[in-house]
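K.L.:
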Amino acid sequence: MPQVRQGGLMLKKAAEEALNKPSPYGIDLRIEDFLKPRASPSMGLEALSSIGIDPERASYIQVDNRPVEVRPSIPGVKVLTLSQALEEGLVQDYFWNAVKVDTDKYTAAAELFGGHEGYVFIAERGRKVEQPVLSCLLLSTPGSLQAPHNIVIVEEGAELHVITGCLTSAEAPGLHAGISEFYVKEGGRLTFTMIHQWAPTSHVRPRTGVIVERGGEYVSHYINMSPIASLQTDPKVYLVGEGAKAYLSSVIVAPRESKMDVGGSVFLRAENTSAEIVSKVITKDRADVITRSLISAEGRGARGHIECDGLLLSDSSRILTLPALDAKIDDVQLSHEAAVGRLSEEQLYYLMTKGFSEEEAKSILVRGFMEVKIEGLPRPVEAQLKMALELAARGL
Numbered sequence: 416m417p418q419v420r421q422g423g424l425m426l427k428k429a430a431e432e433a434l435n436k437p438s439p440y441g442i443d444l445r446i447e448d449f450l451k452p453r454a455s456p457s458m459g460l461e462a463l464s465s466i467g468i469d470p471e472r473a474s475y476i477q478v479d480n481r482p483v484e485v486r487p488s489i490p491g492v493k494v495l496t497l498s499q500a501l502e503e504g505l506v507q508d509y510f511w512n513a514v515k516v517d518t519d520k521y522t523a524a525a526e527l528f529g530g531h532e533g534y535v536f537i538a539e540r541g542r543k544v545e546q547p548v549l550s551c552l553l554l555s556t557p558g559s560l561q562a563p564h565n566i567v568i569v570e571e572g573a574e575l576h577v578i579t580g581c582l583t584s585a586e587a588p589g590l591h592a593g594i595s596e597f598y599v600k601e602g603g604r605l606t607f608t609m610i611h612q613w614a615p616t617s618h619v620r621p622r623t624g625v626i627v628e629r630g631g632e633y634v635s636h637y638i639n640m641s642p643i644a645s646l647q648t649d650p651k652v653y654l655v656g657e658g659a660k661a662y663l664s665s666v667i668v669a670p671r672e673s674k675m676d677v678g679g680s681v682f683l684r685a686e687n688t689s690a691e692i693v694s695k696v697i698t699k700d701r702a703d704v705i706t707r708s709l710i711s712a713e714g715r716g717a718r719g720h721i722e723c724d725g726l727l728l729s730d731s732s733r734i735l736t737l738p739a740l741d742a743k744i745d746d747v748q749l750s751h752e753a754a755v756g757r758l759s760e761e762q763l764y765y766l767m768t769k770g771f772s773e774e775e776a777k778s779i780l781v782r783g784f785m786e787v788k789i790e791g792l793p794r795p796v797e798a799q800l801k802m803a804l805e806l807a808a809r810g811l
């Protein structure tokens, strides 16, 4: 369970003590290897177009550990940098509350070396914000650590959709260790869409904690279609109010030598809470992907379902699915289903009898497997996502 807010000196001390604490999952990295950048920044804001985000429309843009654009222009939403929000006393009760600062070396590094920067979005009470809030985090300096700390608060009865794109250039190997803390108050709804476009030399260690109160809802979409050196993430969602809901989906394409350990955990702490975790994974070449999903229920009337689908497109790639259900009382309903396999020869043959070549038939089946529909995406982002899906299907 999230910790009680600590003071600044206590946070620093806890972080220092955890700086060499490895994560239980994923490839272990040396933080010190990313504290001495090896070159000048190599990426401009025009790169945002590759994920469909117009820099002129983004509410927040951060390059490495420095905010470069902050636009509080959407009615009903406060947009601040983390340093500004801390100075104004707006997030003291939320800072390092949904995520523990001493979770591992990556949370510790964010506190000690991230510069206390990142975005803070606050949806005001009762406001149904129709326009998505766009943000982007660029890792531009080769060999560096990027460690933003982001906080999103959805007040009572408010609704908000946050779209965050994270990307880097092929010339900028580095470590991204972003912290995200999301708070959904009574009757609120937060949709969070994360689009990752990293490089084959990137290491990524996001740490996310979510607290949802009575009648609140949290919806998460995670998309990664680019090769990566290593990725390890396991967002934790706490449903602490009666009737709270959570839905977590991920679509992952892992080519080349990608090593990914992607999880999602939902804790049903209150009565009549519900959760669904859905993951779709495609591997090719020598990629290795582990998907972990946990639903833990201790509130009466709680319901949960896990669905894991994997598609292997090479003999040398691997997909390991690890769904887990933890029922702490008898008055709950939890279920899971998982399937990992190859393209259906029968379906391939059927499409080829209709005049498609073998490659065209494979592309059609892969596109169908990866198809994702996210409500509320701006048209440029939706178009870019569709193009990325198409290119991934052709390339696979």
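For the sequence shown, the numbering used here assigns the number 416 to the initial residue and increments by one for each residue that follows. Every residue gets a Cβ at the ideal spot worked out from N, C-alpha and C, and that includes glycine. Since the model is a prediction, treat every value here as computed from it, not as a measurement.
Using a Cβ-Cβ cutoff of less than 8 Å, which residues in the same chain neighbour Pro417 once the five nearest sequence positions on both sides are dropped?
P.N.:
The pLDDT assigned to Pro417 is 46, lower than 50, so where the model puts this residue is not dependable; a value taken from the coordinates is nonetheless given after this. Counting only Cβ-Cβ distances below 8 Å, and skipping sequence neighbours, we find Asn512, Ala513, Val514, Lys515, Gly624, Ile626 and Tyr653.
K.L.:
Measuring only the C-alpha atoms, how far is Val367 from Leu763?
P.N.:
Past the edges of the chain, shown from 416 to 811, lies residue 367, and the structure says nothing about it.
K.L.:
On a CA-only basis, which of Tyr633, Leu758 and Ala525 is nearest Gly593? Give me that one, please.
P.N.:
Of Tyr633, Leu758 and Ala525, the residue nearest in Cα terms is Ala525.
K.L.:
From the DSSP output, in three-state form, read off Asp448 for me.
P.N.:
Helix, per DSSP.
K.L.:
Can you tell me whether Glu691 is helix, strand or coil according to DSSP?
P.N.:
Strand at Glu691.
K.L.:
Taking the straight line between their C-alpha atoms, what separation do you get for Ile721 and Ile692?
P.N.:
So the alpha carbons of these two residues sit roughly 5 Å apart.
K.L.:
Between Gly572 and Gly603, is the Cβ-Cβ spacing less than 8 Å?
P.N.:
Contact flag set, yes.
K.L.:
Just checking my contact of Thr583 with Leu560 at CB under 8 Å: how many whole Å lie between their CB atoms?
P.N.:
Their Cβ separation, rounded to whole angstroms, is 12 Å, which puts Thr583 and Leu560 out of contact at 8 Å.
K.L.:
For Cys551, which residues from the same chain have a beta carbon less than 6 Å from its beta carbon, with the 5 sequence-adjacent residues on both sides left out?
P.N.:
So the list reads Leu463, Ile468, Ala473, Ile476 and Gly580, once near-sequence residues are dropped.
K.L.:
So, are the CB atoms of Val755 and Ile789 less than 8 Å apart?
P.N.:
The answer is no: Cβ separation not under 8 Å.
K.L.:
Per DSSP, Arg481 forms a beta bridge with which residues?
P.N.:
DSSP, once it has assigned bridges, lists Val478 as partnering Arg481.
K.L.:
Please look up how many angstroms separate the CB atoms of Ala702 and Arg671, rounded, as I've assumed it's under 8 Å.
P.N.:
So it is a contact: roughly 7 Å between Cβ atoms.
K.L.:
Which partner residues does His636 have in the DSSP bridge list?
P.N.:
DSSP, once it has assigned bridges, lists Thr608 and Ser664 as partnering His636.
K.L.:
Which residues bound the alpha helix (DSSP H) around Leu424?
P.N.:
Leu424 -> alpha helix (DSSP H) spans Gly423 to Ala433.
K.L.:
Suppose you measure from the CA of Gly658 to the CA of Glu628; what does that come to, to the nearest Å?
P.N.:
Straight-line Cα distance between these residues: approximately 9 Å.
K.L.:
Find the nearest neighbour of Thr606 within the set Val599, His576 and Ala614, judged by alpha-carbon distance.
P.N.:
That would be His576, whose Cα lies nearest to the Cα of Thr606.
K.L.:
Grab me the residues of Pro487's own chain with a C-beta within less than 8 Å of its C-beta, minus the 5 sequence neighbours each way, in chain order.
P.N.:
Counting only Cβ-Cβ distances below 8 Å, and skipping sequence neighbours, we find Ser474, Lys493, Val494 and Leu495.
K.L.:
Please give me, in chain order, every unbroken run of the beta strand (DSSP E) with length at least 3 that falls completely inside the stretch 493-572.
P.N.:
Segments of the beta strand (DSSP E) lying fully in the stretch 493-572: 534-538, 548-554, 559-561 and 564-569.
K.L.:
In this structure, how does DSSP classify Gly783 when only helix, strand and coil are distinguished?
P.N.:
Gly783: helix per DSSP, three-state reduction.
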